[in-house]
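149 is the number of the first residue of the sequence shown in the working numbering; add one for each residue after it.
Note sheet for the following structure.
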Amino acid sequence: AALESKKRQANPRRAREMLRQIQLDVEDAARDLRRAQKEEEFARLRLEILQDKHWAVLSVYDADKATQFVDETLSGFSQQEPAARIGETIDEGANAGQKPSKASKEKDN
């Protein structure tokens with residue numbers, strides 16, 4: 149009978165401890181949520197400030213045209229400057245203008 153009584157007393161104690169832990173977890177989650185909401189609010193405000201500050205540039209900026217311009221510029225540069233060729237390995241660039249080796253002649257045949 150005494151053992152039975154201890155089990156009953158332990159269960160409510162254990163339940164209260166579990167409830168306390170759950171409440172602490174909820175409070176932590178609520179605090180994290182409030183912090184994230186404040187960070188989002190700050191980021192939105194900062195974005196508005198930047199947009200207001202740079203409205204003239206943003207009003208004429210076209211990302212597709214800018215990308216095309218950069219691609220054309222890099223392409224023109226790589227055609228004019230052999231050292232800037234994009235995608236060419238060092239070996240290919242180093243061997244350009246050299247006579248093919250005996251091994252490469254055999255490989256081609």
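For glycine and all other residues, C-beta sits at the position ideal for the given N, C-alpha and C.
No experiment lies behind these values; they were computed from the predicted model shown.
Asked, Found
"Since L206 and Q199 are thought to touch, with beta carbons under 8 Å apart, how far apart are those beta carbons, to the nearest angstrom?", "6 Å"
"For the alpha helix (DSSP H) holding E220, just list the boundary residues, first then last.", "211-228"
"Quick check: what's the CA-CA separation for Q185 versus R168?", "26 Å"
"Output the distance between the C-alpha atoms of V174 and A214, rounded to the nearest integer angstrom.", "48 Å"
"Taking just the CA atoms, how far does D212 sit from S226?", "21 Å"
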